[in-house]
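K.L.:
What follows is a single structure, and I will ask about it in a moment.
Number of protein chains: 2
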Amino acid sequence: MLTAIYTAVGELVGEGADRISFPVIAERAGVNPTTLYRRWDDVNALLEEVAVAALTRDGESLPDTGSLEQDLTQWANIIARDITRPERVRYLRAMVSARVDIVSGCPVTETRREQASKMVHRARERGEATPTVPQILDHVIAPLYHHVVFALPVDHEYARRLVHDVLTMAR
Amino acid sequence: MLTAIYTAVGELVGEGADRISFPVIAERAGVNPTTLYRRWDDVNALLEEVAVAALTRDGESLPDTGSLEQDLTQWANIIARDITRPERVRYLRAMVSARVDIVSGCPVTETRREQASKMVHRARERGEATPTVPQILDHVIAPLYHHVVFALPVDHEYARRLVHDVLTMAR
DNA sequence: CAGCAAAAGCAGTGATCTTTGCTTTAGCCA
DNA sequence: TGGCTAAAGCAAAGATCACTGCTTTTGCTG
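Read top to bottom, the protein sequences are chains C and L.
Each residue of the first sequence is one higher than the one before, counting from 262 in this note's numbering.
Each residue of the second sequence is one higher than the one before, counting from 262 in this note's numbering.
Pasting the structure below:
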């Protein structure tokens, strides 16, 4: 039931459907539109819920190369590759369009923060000088997302450059 | 006529109207919905047009304090104050939801790039070591927008910190 | 002033959405 | 097994939206 709905939304978003409404989703999921109207306030709420679920489902293994620069570069590339996938871009846009109060404290940001924290912690234990976790989020993650959202190019070279930049802040 | 439409859109967006459609805009503007249907492909197109107009209308004077750090800090604060205004946030979201090909090469980004370029140029003429223009966009503008989009706090201290960070990249 | 073309208004139609009261099904516990 | 409750389905009504052919206004030009 719920998974059918999530799947339907995922398919529609992936297909780039321009018309995503409760009736449309309901038909695809094989449920009654009323169910959706009763469970979610509006389409955006559902869309955002699915987006969060999709974006936080990380099968991503965290790099552990023995060097923070390597770790961050691989990590940035993984993220770059991930968020530039067409359906992810759509999800991102959906999230941005969603209501503010729901987006704040969204699990996506938290996941990234934890991952960054882990890599930094390992690096510091190795005695490396590192930037802070907020710095990594601000200067690697933010630019990546920014580029995606504004349809600017995101490639390996760009990711590499961001990591290089943030490492100049290491203390 | 056209200004009435733009004004209507501006009001509706500012009020946080959840229901922004051609009929609604038309009534507010005192025009016939048909006019809107004929002139714009869809609501997003109109919304995005107004957004660009509003975001690029810069009465913002570019700081010129004699120091890049001061300039960037003031500039970042101006932008931070500007983009955290409720209607600006809405416009941002509208723009992001708009079609990709329209967003890319959007005037807003260009304006920021030119402004950054101007300040960097002046600083270099003074003999200051400066970060590059892309670095400023990536590490000051991107994080600011990122925070706004994800409803994270954007205050003076944050802006100051971003500028401080980017200046460590000066060469 | 007359005429012409572009733009705006009008009204009607069909499609889609949204909501609501009521019925039916499904799951759970005594 | 029987009943109770929450969730899902159904159907109908009202609202809104999207579009279109036609008329009216506007503004310009000869």
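C-beta atoms are modelled at their ideal positions from N, C-alpha and C, and glycine is treated no differently.
Source: prediction; values computed, not measured.
1) Measuring CB to CB, does Y352(L) end up less than 8 angstroms from V410(L)?
2) Are there 16 or more other CB atoms within 10 angstroms of the CB of M262(C), so buried, or fewer, so exposed?
3) Less than 8 angstroms between the CB atoms is what I'm expecting for A337(L) and L428(L), so what's the real figure, rounded?
4) Determine the closest residue to I266(C) out of D279(C), E310(C), E276(C) and R421(C), with distance taken between C-alpha atoms.
5) In its own chain, which residues sit with a C-beta less than 6 angstroms from the C-beta of V361(C), not counting the 5 before and 5 after it?
6) Nearest to V394(C) by CA position, among A412(C), T370(C), V270(C) and P284(C), is which residue?
7) State the start and end residues of the unbroken alpha helix (DSSP H) segment that holds E276(C).
8) Mind checking the stretch 394-406 of chain C against chain L and listing, in chain order, the residues whose C-beta falls within less than 9 angstroms of any C-beta there?
9) Between the stretch 288-305 of chain L and the stretch 384-404 of chain L, are three or more C-beta pairs nearer than 8 angstroms?
10) Output yes or no for whether 8 angstroms exceeds the beta carbon distance between D426(C) and H407(C).
11) Taking the CB atoms as reference points, tell me whether Q335(C) and T326(C) lie closer together than 8 angstroms.
12) Take the Cβ of D416(L) as the centre, count every other Cβ of all protein chains shown within 10 Å, and call the residue buried at 16 or more, exposed below.
13) Candidates R432(C), S322(C) and V270(C): which alpha carbon is nearest E260(C)'s?
14) What residues in its chain sit with their C-beta under 6 angstroms from that of Y419(C), if we drop five residues either side in the sequence?
15) Excluding the 5 residues flanking A377(C) on each side, which residues of the same chain have their C-beta closer than 7 angstroms to its C-beta?
P.N.:
In this structure, then:
1) no
2) exposed
3) About 12 angstroms; that fails the 8 angstroms criterion.
4) E310(C)
5) With a pLDDT of 47 at V361(C), under the threshold of 50, the modelled position of this residue cannot be trusted; read the value that follows with caution. Closer than 6 angstroms at the Cβ level, and outside the excluded window around V361(C), lies no residue.
6) T370(C)
7) L263 to E276
8) P395, Q396, L398, D399, H400, I402, A403, P404, L405 and Y406
9) no
10) no
11) yes
12) exposed
13) Residue 260(C) cannot be examined here, being either before or after the span of chain C that is shown, 262 to 432.
14) none
15) V394, I397 and L398
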